[in-house]
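Report on one structure; see the data block that follows.
In this note's numbering, the protein residues as written are 2 to 125.
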């Protein structure tokens, strides 16, 4: 509901401003002081536009830098996770090798076997 009214208001403003702009151009052609006033206002508006463009550009540069930092943090986290997955794969492979060597029962007694091996190695 608001959007159509906003569009209608914008269209009405454009329609009403055209005759006003034509009248201002005519007056500026006949009156040098008025013409200079219009030029001065346009220059101030131009400076405001340039300032806004520069401010917007700096803001976008800051946003882009933040996006780059976030991306780098995500990339590093991805690498850490990949290393962790590889470590877990190696541990799983070691467990599978132990299980193959000791049979199915050996899989469940790996911890006990490691403890006993450690105790046996200490007295020697």
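Idealized CB from N, CA, C, for every residue including glycine.
In whole angstroms, what is the alpha-carbon distance linking residue 59 and residue 49?
Computed Cα separation, rounded: 15 Å.
Under a three-way DSSP split, which group does residue 15 fall into?
Note: residue 15 maps to helix in three-state DSSP.
Are the CB atoms of residue 36 and residue 29 within a distance shorter than 7 Å?
Contact: yes.
Excluding the 5 residues preceding and the 5 following residue 25 in the sequence, name in chain order all residues of the same chain whose CB lies nearer than 8 Å to its CB.
Taken in chain order, the residues that qualify are 39.
If you reduce the DSSP assignment to three classes, tell me which class residue 2 lands in.
In this structure, residue 2 counts as coil in the three-state DSSP scheme.
By Cβ distance below 8 Å, which residues in the same chain neighbour residue 52 in space, the five residues on each side in sequence not counted?
Short of 8 Å from the beta carbon of residue 52, and not among the five residues preceding or following it, lies no beta carbon of its own chain.
Express the C-alpha separation of residue 15 and residue 69 in angstroms, rounding to a whole number.
Spanning the alpha carbons of residue 69 and residue 15 requires a straight line of approximately 42 Å.
Residue ranges of each beta strand (DSSP E) within the stretch 69 to 107, 3 or longer:
Here no run is fully enclosed.
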